[in-house]
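Visitor: Let me give you the structure first, and then I'll get to my questions.
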Amino acid sequence: MLREDMPYDVIRRRLMFTFAVLIILPVLVVFLSTTYSFKETSLSKIETIEATTCNHMKDVISLFLKKQENLLTTLSGMYSMKEIGNQGFLDKLFITVSQMHEIVDLHVINASGKQIAYVGPYRSKIRNKNYQEQPWFKDVLITGRHISDIYTGYRDVPHFVVAVTDPLKTYVLRATINSDIFNSLLLRAQLGINGDAYIINSRSEFQTPSLQGATRLTSEEEKLLERHEGTVVQAIDNYIYATNWIKDGQWLLVIKSLPADSLGLYYQKRKFNFIILVSTSAVALVVAAFIAYFMVRGLEKITTRTQEVNQQMVQVEKMATVGRLAAGVAHEVNNPLQMITNQAGWINELLQEEDPEEMKNLSEYRDAVEKIRYHVRRAGTVTHRLLGFSRKMEEEKECLNINKLIEETISFVENDAKNNNITIVKKFGAKLPSTMSDGPQLQQVFLNLLNNSMDATGSDGTIEIRTRADAKTIYMQFADDGPGIKEKILGKIFDPFFTTKDPGKGTGLGMSISYSIMRKLGGTIEAQNLEDGGALFTLTLPIIKLGE
């Protein structure tokens, strides 16, 4: 809420802040909601891409493993143990199946676990080796197929094996798979420079190397080993993981990505939106400043005008109150003044009958009576002014020529002006229109202004009187070259009983009575100081034609 006594700069700042908030706040809300929505959409898209990649890699790996298994199944179904157990035949067969560089070696093992033929780089190490007690050998005889975990074994090289039996389970055909080719499949699943893709078994053992060099799972990542169906996407720390169990639930495929690597478009969009926000905020502040400035400027004008009207109303009320008081005082004073006048006249009559020779102080008595009469008349003038100030005099409107009226008024003070070497300069407007008004009351105003100007200029001063008119108003200006009016009392000069003259030289009623007369006649009177010194009184009077 704005208080009436609040400084305008405070009001301006509050309005500017309010307008800025009203403009910027909706833009900020839109920016935050749009940015949040776009980020959520981007994260959702990343999760979708990661889940799709995980599903795709599951299919690729499953197809790769199935391809190796199907190849061995086809070979075991085509050749008997006698044929495939022949070392020369196996060597030729290996040349054919190893052209893709996926198979490292081939084993032919009979049903009792004895190796009967082998082709590959480790022939000397595994000659006459028996696998009867190996778990994988027992598993392949039971299920007809086996795919191992990746291990090093005596080769000291990570690898895994695929083994199948012939339809009659008379022998086992086993192949060692090149893990490098298998590992290369996961390179396609890397999402971003900080992304990772690997396969682990149920015991948290890495079946393929981590693309980021990880050697073991963190405690949080251990939760990924919980059994689930299909592809599951979840967030751990700052990463998003997509997991899916493959190879009949023996291996877990893990796709790991850092969202920041894939949020380039989001960051670009956020930067663009931020620039829009800053630009909009800057424009909003400028607009708010302009709006606040013009609103406060208008408010200041309205307030100033209101204060002027209030001051005029206070002045009118003050004049009315003092007028009522003045009327009572004037009536109370007039009665004893009349009695003093009567008694002074009676004393004067008695003195006329006295013998001058018998009364030594007769002349002094007569001087005393004249002094009494003089001061009674002076007191009567003051009470007359009080009555004129307090009540509406009978207006006797007549057609007046203001220039002539001022000329007549100047004649009343010409002698005093000459005695004090005061020059009265007349700059009357030519062809000044006549107006219907009260001449005697206007002369009283003019006389008050002339007397005040003469008192202000003292000796060797100048008083300048100017008149002019427009279509509706006559303007009269009385200027002097005296010291002017002090700024702190400029607003008080029309107050009743306010005077700057020495005690006994002024009653303080002249200007207040002049103010009252001008308002009664429909005009105005204003006072101001001139830039070069001296005071200027400006009077206005409406032009009223006869009959209006």
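Under the working numbering, residues 120 to 667 are what the sequence shown spells out, in order.
Note that the Cβ used here is the ideal one computed from N, Cα and C, for glycine as well.
Note that this is a predicted model, so its numbers are computed, not measured.
(1) Using the Cα positions of LYS257 and MET200, report the straight-line distance between them to the nearest angstrom.
(2) Around the C-beta of LYS479, are 16 or more other C-beta atoms found within 10 angstroms, so that it is buried, or is it exposed?
(3) Pull the bridge partners of THR657 from the DSSP assignment, please.
(4) Within 10 angstroms of its Cβ, does ASN571 collect 16 or more other Cβ (buried), or is it exposed?
(5) With a Cβ-Cβ cutoff of 8 Å, do PHE183 and PHE279 count as a contact?
(6) For the beta strand (DSSP E) containing GLN353, list its first residue and its last residue.
(7) Looking at C-alpha atoms only, which residue of ILE410, ASN363, GLU252 is the closest neighbour of LEU141?
(8) Nearest CA to the CA of ALA646: which residue from GLY204, LEU609, TYR241?
(9) Taking only the alpha-carbon atoms, compute the straight-line gap between THR554 and TYR594 and give it to the nearest angstrom.
(10) Report the partner residues of ILE222 according to the DSSP bridge assignment.
(11) Which residues does DSSP list as the beta-bridge partners of LEU519?
(12) Taking the alpha helix (DSSP H) that ARG346 falls in, what are its first and last residues?
(13) Who pairs with LYS265 in a beta bridge, going by DSSP?
(14) Does the distance from the CB of ALA361 to the CB of GLU169 come in under 8 Å?
(15) Candidates PRO552, GLU339, LEU310: which alpha carbon is nearest LEU377's?
(16) Does DSSP put ALA590 in a helix, in a strand, or in coil?
(17) Provide the residue span of the beta strand (DSSP E) that contains LYS375, from first to last.
(18) Can you give me the start and stop residues for the beta strand (DSSP E) that GLN234 sits inside?
(19) Report yes or no: do the stretch 526 to 540 and the stretch 472 to 492 share at least 3 C-beta pairs separated by less than 8 Å?
(20) Do you know offhand how far THR576's Cα is from ARG133's?
(21) Could you name the residues of the same chain whose beta carbon sits closer than 6 Å to that of ALA403, not counting the 5 residues immediately before and after it, in chain order?
(22) Check whether the Cβ atoms of ASP268 and TYR241 sit closer than 8 Å, and answer yes or no.
(23) Could you check what DSSP says for TYR386 in three-state terms: helix, strand or coil?
(24) Where do the N-terminal and C-terminal ends of the alpha helix (DSSP H) with THR542 fall, by residue?
(25) Alpha helix (DSSP H) containing ALA139: first to last residue?
(26) Contact defined as beta carbons within less than 8 Å: I believe SER578 pairs with ASN539. What is the distance between those atoms, to the nearest angstrom?
(27) Excluding the five sequence neighbours on either side, which residues of its own chain have a C-beta within less than 8 Å of the C-beta of GLY623, listed in chain order?
(28) Classify GLN326 as buried or exposed, calling it buried when 16 or more other Cβ atoms lie within 10 Å of its own Cβ.
(29) In the DSSP assignment, find the beta strand (DSSP E) that holds ILE365 and state where it starts and stops.
(30) Using only the alpha-carbon positions, how far apart do ALA590 and PHE656 sit?
(31) For ASN363, count the other beta carbons within 10 Å of its own beta carbon; 16 or more makes it buried, fewer makes it exposed. Which is it?
(32) Return the CA-CA distance between LYS177 and THR193, expressed in angstroms with no decimal places.
(33) Opposite ARG585 in the DSSP bridges: which residues?
(34) Quick check: what's the CA-CA separation for VAL129 versus VAL415?
(35) Quick check: the stretch 327 to 334 against the stretch 388 to 395, are there 3 or more CB pairs under 8 Å?
(36) When you compare the CB positions of THR350 and ASN174, do they come within less than 8 Å of one another, or not?
Guide: Per the coordinate set shown:
(1) 19 Å
(2) exposed
(3) GLN596, GLU645
(4) buried
(5) Cβ distance not < 8 Å, so PHE183 and PHE279 don't count as in contact.
(6) 351 to 355
(7) ILE410
(8) LEU609
(9) 12 Å
(10) Looking at the DSSP assignment, ILE222 forms a beta bridge with ILE296.
(11) THR554
(12) Segment: none, ARG346 is in no alpha helix (DSSP H) and carries neither H nor E.
(13) Residue 265 is actually His in this sequence, not Lys. Note: HIS265 sits in a beta bridge opposite ALA282.
(14) yes
(15) LEU310
(16) coil
(17) 370 to 376
(18) 234 to 238
(19) Not touching, per the Cβ criterion.
(20) 51 Å
(21) ALA139, ILE142, ILE143
(22) no
(23) helix
(24) THR542 -> not in any alpha helix (DSSP H); beta strand (DSSP E) instead, spanning 542 to 546.
(25) 127 to 197
(26) Contact check for SER578 and ASN539: beta-carbon distance about 5 Å, within the 8 Å limit, so the pair qualifies.
(27) Unreliable positioning characterises GLY623 in this predicted model, as indicated by a pLDDT of 46, which lies under 50. The coordinate reading is nonetheless provided below. Correct list: empty, nothing qualifies.
(28) buried
(29) 358 to 365
(30) 21 Å
(31) buried
(32) Rounded to the nearest whole angstrom, the CA to CA distance from LYS177 to THR193 is 23 Å.
(33) Under DSSP, ARG585 takes part in a beta bridge, and its partners are LYS546, GLN596.
(34) 10 Å
(35) no
(36) For THR350 and ASN174, yes; Cβs fall inside 8 Å.
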